[in-house]
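Peer 1: Numbering (this note's numbering), first residue to last: 1216 to 1357.
Submitted below is the structure of interest, expressed as structure tokens.
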Amino acid sequence: MPPKHFVCKQCGQCCTELTGGYLGTVNRKQLRAWLKEAPDYVGDWVQYIGYGLYDYFISPTTGEYATRCPWLRNYKADRYLKKGFRCQIQDNKPPTCVEFPLTVSHALACNCLGFSHLSDEQVEALLAAEKKLDDPPSGNEG
Ligand code: SF4
Ligand code: SF4
């Protein structure tokens, strides 16, 4: 799960710019959930690779990985016609999407706006706390 204080602004940056973010493998259980949502579509874009795992999203016509996630949808966020993006499979999205961003520094490196509602000082404090967790264990712990 993303770190505490993260709030997705639905800017779509992670789904449109991080092209590798939505690619990966799923197990049979998750694939079944996808098939329920879009049986005609998903079936064509998934390939069984063995060990109970399926590779997604591969174009059935070119055999190449998709360059944009097929589940991304535009929507008008409010009556002032501000636009946003929405994941059509929010409850069943791939693990990489569920986990994104892994850390505050990960979010910043990917231009994710998930912490843009915080002040610079608050973000700095979160980064400092995160940095401490990055330090390798001393060897004298527990
Ligand atoms: S599955 Fe949803 S969250 Fe993941 S890249 Fe596609 S639209 Fe974005
Ligand atoms: S880049 Fe961050 S704020 Fe934008 S949609 Fe992705 S997770 Fe949400």
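Using N, Cα and C, we set each Cβ at its ideal position, and we do this for glycine too.
Below 8 Å, how does it come out for the stretch 1313–1326 and the stretch 1269–1284: are there three or more Cβ pairs, yes or no?
Peer 2: Result no; under three Cβ-Cβ pairs closer than 8 Å.
Peer 1: Mark Asn1242 as exposed unless 16 or more other C-beta atoms lie within 10 angstroms of its C-beta, in which case mark it buried.
Peer 2: So Asn1242 counts as exposed.
Peer 1: Could you pull out every residue in the same chain whose Cβ sits closer than 7 Å to the Cβ of Trp1249, ignoring the five residues on either side in sequence?
Peer 2: Val1257, Ile1304 and Asn1307.
Peer 1: Give the C-beta separation of Cys1230 and Leu1328 to the nearest angstrom, bearing in mind that I take them to be a contact with Cβ-Cβ under 8 Å.
Peer 2: About 13 Å; that fails the 8 Å criterion.
Peer 1: From this set, Phe1315, Leu1333 and Met1216, which residue's C-alpha is nearest Gln1228's C-alpha?
Peer 2: Measuring from the Cα of Gln1228, the nearest candidate turns out to be Phe1315.
Peer 1: For Arg1243, name the three-state secondary structure that DSSP assigns.
Peer 2: Helix at Arg1243.
Peer 1: Find the nearest neighbour of His1332 within the set Val1222, Pro1218, Met1216 and Pro1217, judged by alpha-carbon distance.
Peer 2: For the residues Val1222, Pro1218, Met1216 and Pro1217, the minimum Cα distance to His1332 belongs to Val1222.
Peer 1: Taking 8 Å as the cut-off, is the beta-carbon of Lys1219 closer than that to any non-hydrogen atom of ligand 3?
Peer 2: No copy of ligand 3 occurs in the structure displayed; its ligands are ligand 1 and ligand 2 alone.
Peer 1: Looking only at C-alpha atoms, which of Tyr1266, Pro1285, Lys1244 and Ala1340 sits nearest to Trp1260?
Peer 2: Considering only alpha carbons, the answer is Pro1285.
Peer 1: Can you give me the start and stop residues for the alpha helix (DSSP H) that Gln1337 sits inside?
Peer 2: Gln1337 -> alpha helix (DSSP H) spans Asp1335 to Asp1349.
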